[in-house]
Structure formats: C-alpha cells, structure tokens
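Asks: One line per chain: the protein sequences are A and B, in this order. Residue numbers for the first sequence follow UniProt numbering, so the first one is 1 and each next one is one higher. Residue numbers for the second sequence follow UniProt numbering, so the first one is 1 and each next one is one higher. For glycine and all other residues, C-beta sits at the position ideal for the given N, C-alpha and C.
2 protein chains.
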Amino acid sequence: MSGSCFAERIGDHLDLTEVEQKALHRLEERERAVKRGGVLVRENDPASEIFILRKGLMMSYVLLDDGSRQILRFLFPGDMVGAGGLVYHEGPETIVALADSVVCPFDKAALSTLMETHPRLGAMILVYAQIERVALTDRLAALGRTSAKARVAALLLEMRNRFRVMDKTIRGEFVLGLTQEEIGDATGLTAVHVNRMLRQLEDDKLISREGGKVRIADEKALTRAANYVDRYENLDLSWLPGAR
Amino acid sequence: MSGSCFAERIGDHLDLTEVEQKALHRLEERERAVKRGGVLVRENDPASEIFILRKGLMMSYVLLDDGSRQILRFLFPGDMVGAGGLVYHEGPETIVALADSVVCPFDKAALSTLMETHPRLGAMILVYAQIERVALTDRLAALGRTSAKARVAALLLEMRNRFRVMDKTIRGEFVLGLTQEEIGDATGLTAVHVNRMLRQLEDDKLISREGGKVRIADEKALTRAANYVDRYENLDLSWLPGAR
DNA sequence: CGCATCCTTGAGTTGAATCAAGGGGTGTGG
DNA sequence: CCACACCCCTTGATTCAACTCAAGGATGCG
C-alpha cells in the first residue's frame, strides 16, 4: 500500500522522486474517519484545514435561502477536499460523506511549505484545480443550456468514469450509490423529474437498472445524449518544472 | 504606470518585493491587441499560450452541439486568461474580446519557471484559481436552483463589482456593455426573458436604466434578490509562503 | 410488524421558451 | 443627406419542459 492517496493519483501522470513521495506522505500523516452522512466542513464555519480523501465517497454542496440544495461536486479517493476554504476564512461549501470515509487533514501552512520546497508538486495542485475548474464549466454549460435528460446522462457517465479510476474492472455496470434526490440536486432537477429521465433513458435502451446498479447499455448513444467530455483525460503536463 | 497588470492585482493583497515585481513584469513583456469581437483562443484549437488581460473586456464561452452558447466568465484587466488551456493540449473554451483589448501572452513554461523561482507568486496563482472556482460554484448554484430574476440580478451585481475594482469611482451607475443576448447566454436564459426580467427589476425599483447605463437603485434589495456573494472579498492569505 | 426512506406514476400547474411583430438607433453607401 | 440594412430592444400570444402535488408500492431496518 502506498503512503499517500494523493501521490498515487499524481503518480498516474508523473514519476515522483522519493523526496516528493515523502513530502506528499507528510500531508497524510493524520487520519480522520467520517461516517456516512457525517459533516466534514459546514458552509460558513471557520475553515483552517484542507483534506485529502483517502477512502469512501463524499460530496460538497451549498444551501440556498429557500432551503434548496445545489450539489457542487462528488469527491473520490485521491481528491483534495475543502480547497475552497484555502482562500477564505470560512468554508464556502458544506462537505459530507456519502459513504463511510477516511480523510487526511492538514493545514494551510503545510500546503504552503509543500509549494515552497516542491514547485513541481505545487504545479500539480494547480493542475488539479484547473481540471476541476474546467469540469465545473462543463456542468455550468449543462445546467444553463442542456435538457434534463442530457444532464442526467452526463452525471451517470461522469460517476462511472470516476469510479473506474479506482476500480479498473468497472465497465458498463456500477453501483451509483446516490438517491434520485441527490441526482436532482446535482443536476438542478427535482427528484420526480430525475426518475422520469432515468425511465426514459431506460426505455430508449441507453441504460438499464436493477437493484441499485446502473448499466450503461449504449455508451456511444449516451455520450452523444450527454454532450460529455472526460476532463481527467488527455492532459498536457509537458510544461511542468523538474522534480526537486 | 506599473509594469504589470497582474502585479497590480496581486498588490492589492500583498507587498511584492522588487524581484517579484520584476518576475511578474517578465510575463507581460509582449503585448497583443484584440479588436472588439476578435477571437483570442478558439475552443479545441491548440492552446500553448496563456495571457494576462491588460486592457479591455473579454469573455469565455463554449458552444454546444445544438448551436447554443454558454458564457462561462467575463474577463477584466488583471485576470489570467486561458488558464484552462494550461492543462490541455486544446483550449477548452473560446475567448473573445467584448471591447478593444490588450493581452500579454506567455507560454506554459514561463509559468512553470515563475512557480519554481517564486513560490509565493505560484501560491497566488493558485489562490486566484480557487477564487474563480468558488465563483463558478456560485453560478452553478444560481443556474441550478434560482429564478431567472435572481440570476439576472446576480449578474448585474457581479459586473458592477468587477468594474469597480478598476474604477473606484463607480458606485450605483455603470455601463454594462453587454447585449441582452449575452446576458442570457451567461445566465442560461433567452434574450427575450432577460428583457422581461430587467423590466421587472426596473418595475420593482431595484434598478433603473437609460442609454446603455444601469443604475443599481436599491442595492440591499437587489443583493437579497440575487443571493449574491462577492468572492473577491474577505480572503485569507495569512498562510502564504514568504517572499523570495 | 411498523415505520422510514426511497422509488414510481399520474394529473394539473407554471416559469421560461418560442414564435411573432414592430420600434429605435447607427452606420454606410448611393 | 437620405434611405436602407442591420442590430438590438421591447412586448404580446402561445407552447412546452420541468415543477408541484398527490397517492401508492417497494425495500430495509429496529
């Protein structure tokens, strides 16, 4: 087992030196368990820590005045969690566990030190921030300009792809692990309408469902319906500084 | 006149050393003019350069299959432009000038060097990436969960605040400089409906309009209607590494 | 077994889109 | 210097995608 989840993630793209590995390991010295449903950071609470998600599944969301919820992002092992809090005194979003999870907390100063001593790792953190930014713009375009069906289709594809990073054996079929209400809050729809869209996708033979499992039956057609691009692919990292 | 627009922006938060100023100046050695309507980067074209916007106003957007457009962001002097292209071979979004503009292009390697030699500046670039990320999540929540009126109100407030960073004299009244179609493409609405929402805001005495100028008549009420937070305020930068 | 949570489907409503028509300003070429 | 074209704004009428409300059904848990 590797010392660092984040190192493993970065390692997909880069050959890390031993010193770098050790530096990343230091970010994950401490561990904290979060039970399913547990809150890691609450919106508008002081945010002095950042986390690496080591195990489990989490999500971040904001609540609006009228009580409605917008899910911003689902978080997978190796993701940096709560980075929004990096630049503010209070966390801009709530982070909760969707499954029993383990996170590694570290404080802002540790990140600062890392960037000072390992510019290449600092650059990689910037890279991930950009990937997430672009993924967010994709979702923005989806909410602003695409149909309910397309948004649900895109969510299914994204979740499948992100699960697959951890478990290479996943192909068409996977456990989504979200309620239809959660899908709705992520896609800007109501739970009822999500249900209808799933049914439509099923009737159109793009997916099939049974017992909590979703199977992507016609990936080409689904991708076309979804307008989906995997932003974790085809990176250009040729410009990164050398290792230190 | 300062040597660097970006340095000026950062200087609002930080006392830059002379070496740092010089390093930032180097990013803006070259200049390129872009006429109103001119395209700086086209989606899916090779993206080897990044830019600092020095003068003018630009926007970034994506086009969907059905020809509809989602405006992702408006860009103001001092903003880093095209950073999405940093991590991909092709630009993920199109960038065009809304007014005659001047940008300073530099390549990815220059950013890499900057991060290596000036970790604090690298950290500031990460800070701005995070600010934009959080601002994007605000807009995501707006598109997913708020009414047309709230979205238009939020856009007006955001544009006013960002113009004000450059021109401190701006208070309630300012030139928006966007067509209603552009407002619609930014907020996920049609131009027709944007028009109706502007009229409503006017009828409700939250704003007034004449001759291309918008006046925010009741800022409190507009902010309440918009659910808007200025993400460029109240930063926590206490954790930044020391200058080099 | 009983309660809670989630899923499903139907019926009716509504916020925003679409379709349509006209008005005002501006730039340009005859 | 006028006339035409173009672009943008405005408003009304109609349509439609997604929401709300409502009622059951399935599943799982204490």
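Please compile the residues from chain B whose C-beta is within a distance smaller than 7 Å of the C-beta of L143(A).
Replies: Looking up residue 143(A) in the first sequence gives position 143. Ordered by position in chain B, the residues that pass the 7 Å Cβ test against L143(A) are L140, L143, G144 and G188.
Asks: Excluding five sequence neighbours on each side, which residues of the same chain lie with their C-beta closer than 8 Å to the C-beta of M1(A)?
Replies: Translated into the one-based positions of the first sequence, residue 1(A) becomes position 1. Its pLDDT being 46, under 50, M1(A) is placed unreliably by the model, and nothing is read from it.
Asks: Within the continuous beta strand (DSSP E) that includes A47(A), where are the two ends?
Replies: Along the first sequence, read from residue 1 onward, the residue named residue 47(A) stands at position 47. Segment: none, A47(A) is in no beta strand (DSSP E) and carries neither H nor E.
Asks: Hey, R231(B) and V134(B) are a contact pair by Cβ (cut 8 Å); roughly how many whole angstroms apart?
Replies: The sequence position of residue 231(B) within the second sequence is 231, counting from 1. The sequence position of residue 134(B) within the second sequence is 134, counting from 1. With 8 Å as the limit, R231(B) and V134(B) qualify as a contact, their Cβ atoms being about 5 Å apart.
Asks: Considering only the alpha carbon of each residue, which of L237(A), V192(A) and P92(A) lies closest to V229(B)?
Replies: Stepping through the second sequence from its first residue, residue 229(B) is reached at position 229. Checking every option, the nearest Cα to that of V229(B) belongs to P92(A).
Asks: Is the separation between the beta-carbon of A186(B) and that of I71(B) shorter than 8 Å?
Replies: Translated into the one-based positions of the second sequence, residue 186(B) becomes position 186. Translated into the one-based positions of the second sequence, residue 71(B) becomes position 71. Yes. Within cutoff.
Asks: For a test of the three-state rule: what should DSSP assign to V96(B), helix, strand or coil?
Replies: In the second sequence, counting from the first residue as 1, residue 96(B) sits at position 96. V96(B) falls in the strand class under three-state DSSP.
Asks: Please name the residue in L24(B), R54(B) and L140(B) whose C-alpha comes closest to that of M166(B).
Replies: Working through the second sequence from its first residue, we reach residue 166(B) at position 166. Among L24(B), R54(B) and L140(B), the Cα nearest to that of M166(B) belongs to R54(B).
Asks: So, does the region 165 to 185 of chain A touch the region 135 to 144 of chain A, judging by three or more C-beta pairs under 8 Å?
Replies: no
Asks: Give a yes or no on whether 8 Å exceeds the smallest Cβ distance from T137(B) to chain A.
Replies: In the second sequence, residue 137(B) corresponds to position 137, counting from 1. Yes, contact with chain A.
Asks: Any beta-carbon of chain A closer than 8 Å to the one on P105(B)?
Replies: Translated into the one-based positions of the second sequence, residue 105(B) becomes position 105. For P105(B), the answer is no, since every Cβ of chain A falls outside 8 Å of its Cβ.
Asks: Could you have a look at residue 286(A) and say whether DSSP puts it in helix, strand or coil?
Replies: Since the first residue shown for chain A is 1 and the last is 244, residue 286(A) is missing from the structure and cannot be characterised.
Asks: Beta-carbon of N161(B) versus every beta-carbon of chain A: anything under 8 Å?
Replies: Counted from its first residue, the second sequence places residue 161(B) at position 161. Chain A contact via Cβ: absent.
Asks: Assuming R162(A) and F76(A) form a contact by the criterion Cβ under 8 Å, report the distance between their Cβ atoms to the nearest whole angstrom.
Replies: The residue you call residue 162(A) lines up with position 162 of the first sequence. The residue you call residue 76(A) lines up with position 76 of the first sequence. With a Cβ gap of about 5 Å, R162(A) and F76(A) count as contacting.
Asks: If we count the other Cβ atoms within 10 Å of its Cβ and call it buried at 16 or more, is K149(B) buried or exposed?
Replies: The residue labelled residue 149(B) in the question sits at position 149 within the second sequence. By the neighbour-count rule (16 or more Cβ atoms within 10 Å), K149(B) is buried.
Asks: Once you ignore the five residues that flank E49(A) on each side, which residues in its own chain have a CB closer than 6 Å to its CB?
Replies: Start at 1 with the first residue of the first sequence, and residue 49(A) comes out as number 49. Closer than 6 Å at Cβ, skipping near neighbours: P105 and D107.
Asks: List the residues of chain B that L126(A) touches, going by C-beta distances under 7 Å, in chain order.
Replies: Taking the first residue of the first sequence as 1, we reach residue 126(A) at position 126. In chain order: I125, L126 and A129.
Asks: I207(B) and L189(B) - do their beta-carbons sit closer together than 8 Å?
Replies: For this step, residue 189(B) is matched to residue 189 along the second sequence. For this step, residue 207(B) is matched to residue 207 along the second sequence. Going by C-beta atoms, L189(B) is not nearer than 8 Å to I207(B).
Asks: Since A33(B) is in the beta strand (DSSP E), which residue starts that stretch and which ends it?
Replies: In the second sequence, the residue the question calls residue 33(B) occupies position 33. From DSSP, the beta strand (DSSP E) with A33(B) extends over R32 to V34.
Asks: Taking only beta-carbon atoms, is E43(A) less than 8 Å away from chain B?
Replies: Position 43 of the first sequence, counted from the start, is the residue given in the question as residue 43(A). E43(A) does not count as touching chain B.
Asks: Is it right to say residue 245(A) is buried, meaning 16 or more other beta carbons lie within 10 angstroms of its own, or is it exposed?
Replies: In the structure as shown, chain A starts at 1 and stops at 244, and residue 245(A) therefore has no counterpart that could be examined.
Asks: Based on Cα-Cα distance, which residue from K220(A), R30(A), L40(A) and E202(A) lies nearest to V214(A)?
Replies: For the purposes of this step, residue 214(A) is taken as the residue at position 214 of the first sequence. Measuring from the Cα of V214(A), the nearest candidate turns out to be E202(A).
Asks: Closer than 9 Å by beta-carbon distance: list the chain A residues that pair up with residue 257(B), in chain order.
Replies: Only positions 1 to 244 of chain B appear in the structure, and residue 257(B) is not among them; the question remains open.
Asks: Is L63(A) helix, strand or coil when you go by DSSP?
Replies: Translated into the one-based positions of the first sequence, residue 63(A) becomes position 63. For L63(A), the secondary structure class from DSSP, reduced to helix, strand or coil, is strand.
Asks: For D107(A), which residues does DSSP report across the bridge?
Replies: In the first sequence, residue 107(A) corresponds to position 107, counting from 1. The partner list for D107(A) (beta bridge, DSSP) reads E49(A).
Asks: Does DSSP put I183(B) in a helix, a strand or coil?
Replies: Here residue 183(B) corresponds to residue number 183 of the second sequence, with the count starting at 1. If DSSP states are grouped into helix, strand and coil, I183(B) belongs with the helices.
Asks: Please check the pair L64(A) and E43(A), which I expect to be a contact at CB under 8 Å, by giving their CB distance rounded to whole angstroms.
Replies: For the purposes of this step, residue 64(A) is identified with residue 64 of the first sequence, where counting begins at 1. For the purposes of this step, residue 43(A) is identified with residue 43 of the first sequence, where counting begins at 1. With 8 Å as the limit, L64(A) and E43(A) do not qualify as a contact, their Cβ atoms being about 11 Å apart.
Asks: Could you please give the first and the last residue of the uninterrupted alpha helix (DSSP H) stretch that includes F163(B)?
Replies: Position 163 of the second sequence, counting from 1, holds the residue named residue 163(B). It spans A148 to M166 - the alpha helix (DSSP H) in which F163(B) sits, taken as one unbroken run.
Asks: What did DSSP end up calling F76(A) once you bin it into helix, strand or coil?
Replies: To locate residue 76(A), count along the first sequence from 1; it is residue 76. Reduced to three states, the DSSP call for F76(A) is coil.
Asks: Under 8 Å, do G78(B) and F6(B) count as touching if we go by C-beta distance?
Replies: Counted from its first residue, the second sequence places residue 78(B) at position 78. Counted from its first residue, the second sequence places residue 6(B) at position 6. Yes.
Asks: Just the chain A side, please: which residues come within less than 8 Å of D65(B) by C-beta, in chain order?
Replies: Stepping through the second sequence from its first residue, residue 65(B) is reached at position 65. Those within 8 Å of D65(B) in chain A are N227.
Asks: To which residues of the same chain is I216(B) closer than 8 Å at the C-beta, ignoring the five residues directly before and after it?
Replies: By one-based count along the second sequence, residue 216(B) stands at place 216. Hits under 8 Å: L156, L157, R160, G172, E173, L206, I207 and L222.
Asks: Might you give, ordered along the chain, the residues of its own chain that have their beta carbon closer than 7 Å to the beta carbon of R73(A), omitting 5 neighbours on each side?
Replies: On the first sequence, position 73 is the one that residue 73(A) refers to. Excluding positions up to five away in sequence, the list reads M59 and S60.
Asks: Comparing alpha-carbon positions, which option in I170(A), N195(A) and T169(A) lies nearest E181(A)?
Replies: The sequence position of residue 181(A) within the first sequence is 181, counting from 1. Of the listed residues, the one whose Cα sits closest to E181(A) is N195(A).
Asks: Residues in the same chain with beta-carbon distance under 6 Å from R244(B), minus the five sequence neighbours each way, listed in chain order, please.
Replies: The residue labelled residue 244(B) in the question sits at position 244 within the second sequence. Once the five neighbours on either side are set aside, the close Cβ partners of R244(B) are H118.
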